[in-house]
Amino acid sequence: MKKLLLAAILLAAPMVQAEVPPLVDENEPQITIFHEAEKTYYEYRINGQLKEIKVVPKNGKEYYLVPAPGEGDFIRHEESQLLIPKWVLFRW
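Residues 76 to 167 in my numbering are what the sequence shown spells out, letter by letter.
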């Protein structure tokens, strides 16, 4: 009887598991990278809304395009306007 009870407890143990949180944080930006002619574009979206576009020309300094408030145009900035951690691990 004790062996049967022990076997039942051991079989039921794997059924009790902790919930695994989702791996994707919805507050992190989604980055889409595409290349066009002499430039590389990085689109940063948060919750599906375009927040900024990083433009990296083949020759020259990178810059950012930020949507203008209330308009369909973009404003050029030399620095990113997003307040998220960004680390450069390697650059060549």
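Here a beta-carbon is modelled for each residue, glycine too, at the ideal position from N, C-alpha and C.
Classify residue i as helix, strand or coil using the three-state DSSP reduction.
i: L140; result: strand
i: I129; result: The displayed chain sequence assigns Lys, not Ile, to residue 129. Here K129 sits in strand by DSSP.
Let me make sure I understand the geometry here. Which of the options has the alpha-carbon closest to that of residue i?
i: A112; options: P132, L140 and S155; result: P132
i: N122; options: F165, M76, E103 and V130; result: E103
i: Q124; options: K78, T107 and G135; result: T107
What number of angstroms, rounded off, separates the C-alpha of residue i from the C-alpha of residue j?
i: Q105; j: K126; result: 10 Å
i: F149; j: I128; result: 9 Å
i: A143; j: H152; result: 11 Å
i: E154; j: L86; result: 58 Å
i: G145; j: E94; result: 42 Å
i: V130; j: R166; result: 16 Å
For the putative contact between residue i and residue j, defined by C-beta atoms under 8 Å, what is the C-beta separation to the nearest angstrom?
i: L157; j: Y117; result: Not really, about 11 Å apart at Cβ, beyond 8 Å.
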